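K.L.:
First to last, the sequence lines map onto chains A, B and C.
Position 12 of the first sequence, counting from 1, maps to 62 under my numbering, and the rest follow consecutively.
Position 112 of the second sequence, counting from 1, maps to 162 under my numbering, and the rest follow consecutively.
Position 71 of the third sequence, counting from 1, maps to 121 under my numbering, and the rest follow consecutively.
Glycine included, every Cβ here is placed at the ideal spot set by N, Cα and C.
This one's a predicted model, so the numbers in the text were calculated from it and none came from an experiment.
Attaching a single structure in structure tokens format; questions to follow.
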Amino acid sequence: MTTSLKCGPIADAIGAEIVGDPNTVITSIASIDHAANGAITFITGPKYLAALRSSSASAVIISRQFIDETECTRLIMDNPYLGYARLTRVWAEHNRGVQPATVHNSASIDDAAIIAEGVSIDAHAVIEAGVILGRSAKVGAGVFIGKGCTIGANTVIHPNATLLHGCTVGSDCEIHSGAVIGADGFGFAPSADGWEKIYQLGAVQIGNRVSIGACTTVDRGAIENTVISDGVILDNHIQIAHNVMIGKNTAIAGCTGVAGSTTIGANCRIGGAVSIVGHIKLCDNVMITANSFVNNSVTQPGSYSSGFPLEPSKQWRKNAVRLHKLDELSRQVGKLKS
Amino acid sequence: MTTSLKCGPIADAIGAEIVGDPNTVITSIASIDHAANGAITFITGPKYLAALRSSSASAVIISRQFIDETECTRLIMDNPYLGYARLTRVWAEHNRGVQPATVHNSASIDDAAIIAEGVSIDAHAVIEAGVILGRSAKVGAGVFIGKGCTIGANTVIHPNATLLHGCTVGSDCEIHSGAVIGADGFGFAPSADGWEKIYQLGAVQIGNRVSIGACTTVDRGAIENTVISDGVILDNHIQIAHNVMIGKNTAIAGCTGVAGSTTIGANCRIGGAVSIVGHIKLCDNVMITANSFVNNSVTQPGSYSSGFPLEPSKQWRKNAVRLHKLDELSRQVGKLKS
Amino acid sequence: MTTSLKCGPIADAIGAEIVGDPNTVITSIASIDHAANGAITFITGPKYLAALRSSSASAVIISRQFIDETECTRLIMDNPYLGYARLTRVWAEHNRGVQPATVHNSASIDDAAIIAEGVSIDAHAVIEAGVILGRSAKVGAGVFIGKGCTIGANTVIHPNATLLHGCTVGSDCEIHSGAVIGADGFGFAPSADGWEKIYQLGAVQIGNRVSIGACTTVDRGAIENTVISDGVILDNHIQIAHNVMIGKNTAIAGCTGVAGSTTIGANCRIGGAVSIVGHIKLCDNVMITANSFVNNSVTQPGSYSSGFPLEPSKQWRKNAVRLHKLDELSRQVGKLKS
Numbered sequence: 051m052t053t054s055l056k057c058g059p060i061a062d063a064i065g066a067e068i069v070g071d072p073n074t075v076i077t078s079i080a081s082i083d084h085a086a087n088g089a090i091t092f093i094t095g096p097k098y099l100a101a102l103r104s105s106s107a108s109a110v111i112i113s114r115q116f117i118d119e120t121e122c123t124r125l126i127m128d129n130p131y132l133g134y135a136r137l138t139r140v141w142a143e144h145n146r147g148v149q150p151a152t153v154h155n156s157a158s159i160d161d162a163a164i165i166a167e168g169v170s171i172d173a174h175a176v177i178e179a180g181v182i183l184g185r186s187a188k189v190g191a192g193v194f195i196g197k198g199c200t201i202g203a204n205t206v207i208h209p210n211a212t213l214l215h216g217c218t219v220g221s222d223c224e225i226h227s228g229a230v231i232g233a234d235g236f237g238f239a240p241s242a243d244g245w246e247k248i249y250q251l252g253a254v255q256i257g258n259r260v261s262i263g264a265c266t267t268v269d270r271g272a273i274e275n276t277v278i279s280d281g282v283i284l285d286n287h288i289q290i291a292h293n294v295m296i297g298k299n300t301a302i303a304g305c306t307g308v309a310g311s312t313t314i315g316a317n318c319r320i321g322g323a324v325s326i327v328g329h330i331k332l333c334d335n336v337m338i339t340a341n342s343f344v345n346n347s348v349t350q351p352g353s354y355s356s357g358f359p360l361e362p363s364k365q366w367r368k369n370a371v372r373l374h375k376l377d378e379l380s381r382q383v384g385k386l387k388s
Numbered sequence: 051m052t053t054s055l056k057c058g059p060i061a062d063a064i065g066a067e068i069v070g071d072p073n074t075v076i077t078s079i080a081s082i083d084h085a086a087n088g089a090i091t092f093i094t095g096p097k098y099l100a101a102l103r104s105s106s107a108s109a110v111i112i113s114r115q116f117i118d119e120t121e122c123t124r125l126i127m128d129n130p131y132l133g134y135a136r137l138t139r140v141w142a143e144h145n146r147g148v149q150p151a152t153v154h155n156s157a158s159i160d161d162a163a164i165i166a167e168g169v170s171i172d173a174h175a176v177i178e179a180g181v182i183l184g185r186s187a188k189v190g191a192g193v194f195i196g197k198g199c200t201i202g203a204n205t206v207i208h209p210n211a212t213l214l215h216g217c218t219v220g221s222d223c224e225i226h227s228g229a230v231i232g233a234d235g236f237g238f239a240p241s242a243d244g245w246e247k248i249y250q251l252g253a254v255q256i257g258n259r260v261s262i263g264a265c266t267t268v269d270r271g272a273i274e275n276t277v278i279s280d281g282v283i284l285d286n287h288i289q290i291a292h293n294v295m296i297g298k299n300t301a302i303a304g305c306t307g308v309a310g311s312t313t314i315g316a317n318c319r320i321g322g323a324v325s326i327v328g329h330i331k332l333c334d335n336v337m338i339t340a341n342s343f344v345n346n347s348v349t350q351p352g353s354y355s356s357g358f359p360l361e362p363s364k365q366w367r368k369n370a371v372r373l374h375k376l377d378e379l380s381r382q383v384g385k386l387k388s
Numbered sequence: 051m052t053t054s055l056k057c058g059p060i061a062d063a064i065g066a067e068i069v070g071d072p073n074t075v076i077t078s079i080a081s082i083d084h085a086a087n088g089a090i091t092f093i094t095g096p097k098y099l100a101a102l103r104s105s106s107a108s109a110v111i112i113s114r115q116f117i118d119e120t121e122c123t124r125l126i127m128d129n130p131y132l133g134y135a136r137l138t139r140v141w142a143e144h145n146r147g148v149q150p151a152t153v154h155n156s157a158s159i160d161d162a163a164i165i166a167e168g169v170s171i172d173a174h175a176v177i178e179a180g181v182i183l184g185r186s187a188k189v190g191a192g193v194f195i196g197k198g199c200t201i202g203a204n205t206v207i208h209p210n211a212t213l214l215h216g217c218t219v220g221s222d223c224e225i226h227s228g229a230v231i232g233a234d235g236f237g238f239a240p241s242a243d244g245w246e247k248i249y250q251l252g253a254v255q256i257g258n259r260v261s262i263g264a265c266t267t268v269d270r271g272a273i274e275n276t277v278i279s280d281g282v283i284l285d286n287h288i289q290i291a292h293n294v295m296i297g298k299n300t301a302i303a304g305c306t307g308v309a310g311s312t313t314i315g316a317n318c319r320i321g322g323a324v325s326i327v328g329h330i331k332l333c334d335n336v337m338i339t340a341n342s343f344v345n346n347s348v349t350q351p352g353s354y355s356s357g358f359p360l361e362p363s364k365q366w367r368k369n370a371v372r373l374h375k376l377d378e379l380s381r382q383v384g385k386l387k388s
């Protein structure tokens, strides 16, 4: 990249106060350990001050309390990490430049779709009848959007994502490649002849400012909808089963699965590789650490965990076999005590 | 939806006996907690009777023993949940209407493919040479079907699914979006120059009435085939490795992985997020609960489990560290007893 | 398959010495348990000798020490499993025949892409501006390759895989269907208005002879790149988060997730369904068994494990509840000892 920006306009764009030369030229963004001359970096706490002092960074996003710790150009913010996030947006938009809205001639767009101003549709995308694409939405190559879906303004759907019929996505969302929204929930009734499919008559309803990761699946509801609220962020390889409801601004890390009809509150943070059983409720402000097994409702905010931490295999084989006798062991100790 | 159906034809379609007015008009399907006037609902046991009595549902699918518990129109079946499943099919087909079989002109279909009557192929699908598509099969947009695959009658392959060369899918199957059938199994031989690929010469053989979930992968066999038997249902995000065999009517929930050459019997029910190691056998009628680690063969029918249940993180940190000393603890108790 | 090859040319192709008739005709490859007349098989150790003696295989790849254990045609190699791997390549290439390089007329290829000699591009693939495709690379149907990606010679990208802008893939790689390379890492800064996206400015850098499984995701780096070194093999449904680095020849089995900024050394073997937390380091030559939870750095080579092994559900329920009291139990035993 040959990006070149000055600190003055950067400070304006991210909402920072500048201390030092606003004409300092920035040619890269770097973490504090990699910041060379020409780089802008950021520090989020005092533990990075030593690295800052020995760094040759040209500028730093920093909180006011550390203002005297460096002589490079400082961009002062209460929350430097947020400043860094805003800077990445400025940087990405600068590099990308103005992209005119285009509709590729190989895209297959039904005449009965409604396409707002400024919409881009890339090669081989498929837009079925009754689809509504909001202003400046972007549809990547190979994306499928089924009948009657509604996509909000500025939402970006990356290449090869799939949205099945009747689903709703709000504005300012991002749906990454390989994601599948609105596939049938896993509903089958046992019968004498095997499994009888329960047709899934609901859809998926996604709020505004939602991010759905690559290869993440959100199933359509059985009767009512599956609901992902405003501001939710889902990482890659997540499975959200039918009729799950996820509250505002909840974040879920990769490889986590949520079984059917479970409700997760607002502002929760769920780690990676967590499995959450069906038909339970997690209240607001719950944190679940990585690799946990959530086998019951959680009714109090706080941090919860489970899982067996790593150890040498030889030691694990001995300990694991004892797990099978843990109840017996506990009863033996009970007897010894009495 | 502006669906409107009468109870008489519904009862005929699902095989129920009607008690009450066959002209009762139904405009929605609802679970018992959401059933308003105009809705048909179902109850699967006595615990829903209170809700039924206070419901304003217009009709209910119910077993004979509860016939006097409501005055709304009753559709009597031995298995009301099966009645509900059949009703969803009627409902979905009614809403969808008759869809003429069409082959989209942007689909890429090899001249040497054999396409039966009534087959639909959507935009940008790719059908390679030697493919056989059975009567009334549906191929969604962006689907890839590789050389020499055979797809049975009435099978539906949803948008952006991928079937690699030489695989066989029976009739009345459903393969959901993002699924990948017949990718190479993970076979490599160590050599002095690194990993030497073992070309996977088998294929995937899928029976009739099988459902494969979104983003689920079933790898082709190394020499012989990977086999999914009739009536198997696989949820989303499942990984089936090479040369796995799954018996009839077995159900597997989302995010479960089955490693290579493992055999799973018929009528098993495997929960979500289960990991099953390779080269083992599970006999028929095994149930594995969610999040379990299946590290050995299971030779007796029944329910099996493993996993560490959730607790507050502070408590978990204390308990988890003790796990590393469980063998030692057990030996200490043994000494105390003697 | 009607493949028919003679043992002489096979021995030449895989680098084996032949004992017996080089004109022995081979019509199938089979594992020792399935090898009938006309088949070539292989044995990797003495435990297969009994099966070999009762087998009607026409040829066997075998080490010199077992040369007198059979009278069928023997192909002698130090490492018969490697011989089998090489044989599968010969077999697959023989069956496939010579495939002329073709560019399908439905592919969407930007004028500003650079396509080397011998490249094949299948139907509905999308190649954006600035892409460089190396000699004899193969791009499957429906593949998306974003702006500025570089793909090395002989690399095969299977149908419906997705490579986002700016990523680099070396030569002799394979990327399977449904894989997504270069989606945004899961980076968001908390703010008073919810999550603020951190634009991911790095890319993914993949070495030579790398295999990426079906539906596996490798996220682009936040600032620096995510790096997959030469010779790495990744199975299906793996999640590699942003700024992970994986050393040479490391193998990872299916359904494993690696969280952000973790470094995995060279020649590691990670089992299936393993979850590895972020910001840790695994040194070279580490083996992690299936279903383990890697919650800390590993600084010594060797085998590591964790996880609760399967048991009958009734027994598990008793043992699992005791896990919550394991710390207390340990303290009780401590008191009893003193």
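Less than 7 Å between CB atoms is the rule here; does residue 367 of chain B satisfy it with respect to chain C?
P.N.:
Not an interface residue.
K.L.:
Taking CB distances under 7 Å as the criterion, tell me whether residue 353 of chain C reaches chain A.
P.N.:
It does; some Cβ of chain A falls within 7 Å.
K.L.:
Could you work out which residues of chain B lie near residue 189 of chain C, taking near to mean beta carbons separated by less than 9 Å?
P.N.:
Those do not exist, as residue 189 of chain C stays about 13 Å from chain B at its closest Cβ, beyond 9 Å.
K.L.:
Using 7 Å as the threshold, is the C-beta distance between residue 305 of chain C and residue 267 of chain B below it?
P.N.:
No, Cβ-Cβ distance for residue 305 of chain C and residue 267 of chain B is not below 7 Å.
K.L.:
In chain order, what residues of the same chain lie with their CB nearer than 6 Å to the CB of residue 218 of chain C, ignoring the 5 residues before and after it?
P.N.:
So the qualifying residues of the chain are 200, 255.
K.L.:
Can you find a CB in chain C that lies within less than 7 Å of the CB of residue 363 of chain A?
P.N.:
Residue 363 of chain A counts as touching chain C.
K.L.:
Chain A beta carbons: is any one of them nearer than 7 Å to that of residue 286 of chain B?
P.N.:
Output row for residue 286 of chain B: interface = yes.
K.L.:
Name the chain C residues that come within less than 9 Å of residue 359 of chain B, Cβ to Cβ?
P.N.:
Here the neighbours are 370, 371, 373, 374.
K.L.:
Flag this pair as yes or no: are the beta carbons of residue 322 of chain C and residue 303 of chain C separated by less than 7 Å?
P.N.:
Their beta carbons are under 7 Å apart, which means residue 322 of chain C touches residue 303 of chain C by this criterion.
K.L.:
Just the C-alpha distance for residue 61 of chain A and residue 295 of chain C, rounded to the nearest angstrom, thanks.
P.N.:
So the two alpha carbons sit approximately 33 Å from each other.
K.L.:
Leaving out five residues before and five after residue 338 of chain A in sequence, what residues of the same chain have Cβ atoms less than 7 Å from its Cβ?
P.N.:
Correct list, in chain order: 320, 321, 324, 344, 354.
K.L.:
Please classify residue 261 of chain A as buried or exposed, where buried requires at least 16 neighbouring CB atoms within 10 angstroms.
P.N.:
Flag for residue 261 of chain A reads buried.
K.L.:
Report yes or no: do the segment 365-379 of chain C and the segment 368-381 of chain B share at least 3 C-beta pairs separated by less than 8 Å?
P.N.:
Cβ pair count under 8 Å is three or more, so yes.
K.L.:
Below 9 Å on C-beta distance, what does residue 273 of chain A contact in chain B?
P.N.:
Those within 9 Å of residue 273 of chain A in chain B are 78, 79, 80, 81, 84, 138.
K.L.:
Who pairs with residue 126 of chain C in a beta bridge, going by DSSP?
P.N.:
According to DSSP, which records beta bridges pairwise, residue 126 of chain C is partnered with C:67, C:112.
K.L.:
Does residue 265 of chain B have its Cβ less than 7 Å from a Cβ in chain C?
P.N.:
True, the Cβ-Cβ gap to chain C drops below 7 Å.
K.L.:
Quick one: measure Cβ to Cβ for residue 173 of chain B and residue 156 of chain B, integer angstroms, because I've assumed they're closer than 8 Å.
P.N.:
About 5 Å separates the two Cβ atoms, so the contact holds.
K.L.:
Comparing C-alpha positions only, which one of C:215, C:81, C:183, C:291 sits nearest to residue 277 of chain C?
P.N.:
Comparing Cα-Cα distances from residue 277 of chain C to each of C:215, C:81, C:183, C:291, the minimum goes to C:291.
K.L.:
Nearest to residue 128 of chain B by CA position, among A:298, A:242, A:269, is which residue?
P.N.:
Among A:298, A:242, A:269, the Cα nearest to that of residue 128 of chain B is on A:242.
K.L.:
Which term fits residue 188 of chain C, buried or exposed, when burial requires 16 or more other beta carbons within 10 angstroms of its beta carbon?
P.N.:
Looking at its Cβ environment, which holds 16 or more other Cβ atoms inside 10 Å, residue 188 of chain C is buried.
K.L.:
List the residues of chain A that residue 156 of chain B touches, going by C-beta distances under 9 Å, in chain order.
P.N.:
Under the 9 Å cutoff, chain A gives 156, 158, 174, 176.
K.L.:
What residue range is occupied by the uninterrupted alpha helix (DSSP H) comprising residue 348 of chain C?
P.N.:
Element bounds for residue 348 of chain C: n/a, residue is neither H nor E.
K.L.:
Tell me, to the nearest whole angstrom, how far the beta carbon of residue 178 of chain C is from that of residue 195 of chain C; I am working on the premise that it is less than 8 Å.
P.N.:
Indeed, because the Cβ distance is near 6 Å, the residues count as touching under 8 Å.
K.L.:
Can you check which of these residues, C:316, C:77, C:137, is closest to residue 389 of chain C by C-alpha distance?
P.N.:
The question about residue 389 of chain C has no answer here: the residues shown for chain C are numbered 51 through 388.
K.L.:
Is the CB-CB distance between residue 89 of chain C and residue 133 of chain C below 7 Å?
P.N.:
No, Cβ-Cβ distance for residue 89 of chain C and residue 133 of chain C is not below 7 Å.
K.L.:
Using a Cβ-Cβ cut-off of 6 Å (strictly less than) and excluding sequence neighbours within five positions of residue 163 of chain A, which residues of its own chain qualify?
P.N.:
For residue 163 of chain A, where only same-chain residues beyond five positions count, the Cβ hits under 6 Å are 177, 181.
K.L.:
Do you know whose CA, among A:142, A:239, A:314, lies nearest residue 281 of chain B's CA?
P.N.:
Measuring from the Cα of residue 281 of chain B, the nearest candidate turns out to be A:239.
K.L.:
Pull up the CB-CB distance for residue 106 of chain A and residue 82 of chain A, whole angstroms please, since I reckon it's below 8 Å.
P.N.:
Contact flag wrong, Cβ pair sits at about 11 Å.
K.L.:
Can a CB atom of chain C be found closer than 7 Å to the CB of residue 62 of chain A?
P.N.:
No, residue 62 of chain A lies away from the interface with chain C (no Cβ there is under 7 Å from its Cβ).
K.L.:
Sorted by chain position, which residues of the same chain lie with C-beta nearer than 8 Å to residue 54 of chain B's C-beta, five sequence neighbours on each side aside?
P.N.:
Only 75, 76, 77 meet the Cβ criterion.
K.L.:
Does any CB atom of chain B fall closer than 7 Å to the CB of residue 255 of chain A?
P.N.:
Answer no: the Cβ-Cβ gap between residue 255 of chain A and chain B never drops below 7 Å.
K.L.:
Indicate the three-state DSSP secondary structure (helix, strand or coil) for residue 259 of chain B in the structure shown.
P.N.:
In this structure, residue 259 of chain B counts as coil in the three-state DSSP scheme.
K.L.:
If you measure from the beta carbon of residue 378 of chain A to each beta carbon in chain B, is any gap under 7 Å?
P.N.:
So no, residue 378 of chain A is outside the interface.
K.L.:
Could you list which residues in chain A have their beta carbon closer than 7 Å to that of residue 383 of chain C, in chain order?
P.N.:
Those within 7 Å of residue 383 of chain C in chain A are 383.
K.L.:
Tell me, which residues are paired with residue 289 of chain A by DSSP?
P.N.:
Answer is A:267, A:307, bridged to residue 289 of chain A.
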